[in-house]
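Residue numbers (the working numbering): 61 to 190.
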């Protein structure tokens, strides 16, 4: 086992930031995620949401970004390993893309659960007291 070296740890952050830049530069869907992230965080700040709502939003946002990053990594690996068309590679890519879709849909539901009562308190006041 190699020794712990601060320089190696700092290099790992550089690699991670390079990966994030790769996502933002070459994956069109990440630009949509970035816009949605900015809108959600801006709206949450404007509404001065409670801590628990912030936690739910941040976890939902992280889920989508992680799914997108893993989907992209799988696509790159699959394309490098099997450059020609292969039905199993296509299925793997489709399933990975489905993971991003599932994460995005759940994040959207969390957004509705968090934002709708904050935006329209009168609509939700009667159901909360009942």
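Beta carbons: idealized from backbone N, C-alpha and C, even for Gly.
Range covered by the alpha helix (DSSP H) that runs through residue i
i: residue 180; result: Counting along the chain, residue 180 falls outside any alpha helix (DSSP H), and DSSP gives it neither H nor E.
i: residue 128; result: 111-141
i: residue 73; result: 66-86
Cβ-Cβ separation, residue j to residue i (assumed contact under 8 Å), whole Å
i: residue 124; j: residue 86; result: Not really, about 18 Å apart at Cβ, beyond 8 Å.
i: residue 166; j: residue 117; result: So it is not a contact: roughly 12 Å between Cβ atoms.
i: residue 131; j: residue 168; result: Not confirmed; about 17 Å, so no contact.
i: residue 120; j: residue 170; result: 4 Å
i: residue 83; j: residue 122; result: That pair is no contact at about 14 Å.
CA-to-CA distance, residue j to residue i, given in whole angstroms
i: residue 115; j: residue 140; result: 37 Å
i: residue 144; j: residue 134; result: 15 Å
i: residue 146; j: residue 157; result: 17 Å
i: residue 179; j: residue 103; result: 10 Å
i: residue 142; j: residue 177; result: 49 Å
i: residue 74; j: residue 127; result: 21 Å
i: residue 100; j: residue 80; result: 20 Å
i: residue 138; j: residue 149; result: 6 Å
Reduced DSSP category for residue i - H, G, I as helix; E, B as strand; rest coil
i: residue 91; result: helix
C-beta neighbour in chain D for residue i, strict 8 Å
i: residue 138; result: Going by chain labels, chain D is absent from the structure shown, which holds only one protein chain.
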